[in-house]
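Protein chains: 2
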Amino acid sequence: MEFSSKFLEKAIEEIALLPGIGKRTALRLALHLLKQPQSQTTDLAKALVDLKTKVKQCKSCHNISDKELCGICANQSRDHSIICIVEDIRDVMAIENTEQYKGIYHVLGGKISPMDGVGPNQLNIESLVDKIKTGKVTEVIFALSSTMEGDTTNFYIYKQIQASENTLKTSTIARGISIGDELEYADEITLGRSILQRVPFENSLKN
Amino acid sequence: MEFSSKFLEKAIEEIALLPGIGKRTALRLALHLLKQPQSQTTDLAKALVDLKTKVKQCKSCHNISDKELCGICANQSRDHSIICIVEDIRDVMAIENTEQYKGIYHVLGGKISPMDGVGPNQLNIESLVDKIKTGKVTEVIFALSSTMEGDTTNFYIYKQIQASENTLKTSTIARGISIGDELEYADEITLGRSILQRVPFENSLKN
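Here it is in structure tokens:
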């Protein structure tokens, strides 16, 4: 497609680099911005640059943060002896939204995936092991996705922390049928596991 | 949803102002940018600001342009006596892509639509009528979409230019069954019109 303005062309090119946005959507977005007040575009541009230059990683849990320590790690009323291991900061947001968890997190930044060239050294595993070695941690919760890569990562970390600390409690989040789901539509593996790992009926009354 | 960084929150807020992008997509885009090299974000931000501050409207046809006159209006090898009236600059691009049209354009910037509060004065109709009044235009092609608003706008402009110029030829783009389409799936109005406005068979051999 030919454009009558090289600035429009450049803007479309840059917008189309974003995931899930093609040239046509980029054109639509660029034309939309052209019709809006200039402040919207400058605000957007400033917010993007600020995002990239001012957002840091929490030095303790690798969650994103504006300060050295994120709000969760800095909060002394949370239980710092329980660490929930997640893949991504979106998982932190998802768990925080449930308002059920009062421990702290550790964001790995991905899963071990040899196919994508991601090994243990690319992930924030060393700092996790160091944190556990201090002896202040009593429980580690694995909350990675239940894919082959997730299981591999879980197992790798499990081996690492088992070697360093024997009295540590480890757990994974419960897998089972979603609340509100019909059994007949559930996949066999999930349904099978939900029967094997059944819980006392009294427990289901708690929440 | 709570965010651990106010810069992330601000970026998401600004991105989500774009049409068709919700908070979740905005979050995905923001996290994507965080993982990319900084140059991508600064390039994107610069391209957006350049788009807004440097792109002008062609003073003759209202197409977007980097200069006073757009490339099409400035091109003397094009036929300046034929004007194709379109709604939007995307329509200019679509027609230019066919490489079948050698006249110039006039971009209205919308359609008359009282429901959306768009009257003739909000559109670039006056400059079109002025251009036609110079007497240098021999044909006007209406290429608006065939909706009620498009038809209304066509008719309004038709009345305006009829009053000012009697020898002017007017035409609309041909409506009919798309090339490659099956007749049985075509809508009745299009199919009916394509029979009423049938063309000599020899014409269909030309292209």
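Protein chains in written order, with our numbering: chain G, 42 to 248; chain L, 42 to 248.
All C-beta atoms in this analysis are idealised placements derived from N, C-alpha and C, irrespective of residue type, glycine included.
The structure presented is a predicted model; accordingly, all values stated were derived computationally and were not measured.
Is the shortest distance between the beta-carbon of residue i and the beta-carbons of chain L less than 8 Å?
i                : result
Ile106 (chain G) : The sequence as given places Ser at residue 106 (chain G); Ile does not occur at that position. With 8 Å as the cut-off, Ser106 (chain G) counts as an interface residue toward chain L.
Val96 (chain G)  : yes
Thr83 (chain G)  : yes
Gln79 (chain G)  : yes
Ser46 (chain G)  : yes
His73 (chain G)  : yes
Leu164 (chain G) : no
Lys152 (chain G) : no
Ala67 (chain G)  : no
Ala227 (chain G) : no
Could you give the first and the last residue of the continuous alpha helix (DSSP H) run that contains residue i?
i                : result
Lys174 (chain L) : Glu167 to Lys174
Ile113 (chain G) : Gly112 to Ala115
His73 (chain L)  : Lys64 to Lys76
Arg249 (chain G) : Lying outside 42 to 248, the shown extent of chain G, residue 249 (chain G) is not represented and no answer is given.
Lys51 (chain G)  : Lys47 to Ile56
Where does the unbroken beta strand (DSSP E) through residue i begin, and where does it stop?
i                : result
Lys242 (chain L) : Looking at the sequence itself, residue 242 (chain L) is Phe, so the reference to Lys does not match. Taken as a continuous stretch (DSSP letters only), Phe242 (chain L) belongs to no beta strand (DSSP E), being part of the alpha helix (DSSP H) at Phe242 to Ser245.
Asp120 (chain L) : Asp120 to Val127
Val181 (chain L) : Glu180 to Phe183
Lys210 (chain G) : Lys210 to Thr213
Does any C-beta atom of chain G lie closer than 8 Å to the C-beta of residue i?
i                : result
Val90 (chain L)  : yes
Ile56 (chain L)  : yes
Arg131 (chain L) : yes
Ile113 (chain L) : yes
Ala86 (chain L)  : yes
Leu49 (chain L)  : yes
Ala184 (chain L) : no
Lys93 (chain L)  : yes
Leu59 (chain L)  : yes
Leu303 (chain L) : Residue 303 (chain L) lies beyond the stretch modelled for chain L, which goes from 42 to 248, so this question has no answer here.
Leu70 (chain L)  : yes
Ala52 (chain L)  : yes
Just grab the DSSP bridge partners of residue i for me.
i                : result
Tyr142 (chain G) : Tyr142 (chain G) is not bridged to any residue.
Gln98 (chain G)  : G:Ile105
Ser154 (chain G) : G:Val159
Val148 (chain G) : G:Val127
Can you list the residues of chain A that residue i reaches, using a CB-CB cut of under 7 Å?
i                : result
Leu110 (chain L) : Checking the listed chains, one finds no chain A in this structure; the protein chains it contains are G and L.
Could you check whether the Cβ of residue i sits closer than 7 Å to any heavy atom belonging to the ligand ZN?
i                : result
Asp222 (chain G) : This structure lacks the ligand ZN; in fact it carries no ligand of any kind.
At least 3 beta-carbon pairs within less than 8 Å: the stretch 75 to 84 of chain G vs the stretch 65 to 76 of chain L: no
Given 8 Å, three or more beta-carbon pairs between the stretch 50 to 69 of chain L and the stretch 127 to 134 of chain L: no
Stretch-stretch touch, CB-based, cutoff 8 Å, three pairs: the stretch 163 to 177 of chain L with the stretch 107 to 115 of chain G: no
Touch test, the stretch 184 to 198 of chain G against the stretch 155 to 166 of chain G, Cβ-Cβ under 8 Å, three pairs minimum: yes
Any 3 or more C-beta pairs closer than 8 Å across the stretch 92 to 106 of chain G and the stretch 235 to 242 of chain G: no
Inter-stretch contact (C-beta, 8 Å, three-pair minimum) for the stretch 180 to 192 of chain G and the stretch 144 to 159 of chain G: yes
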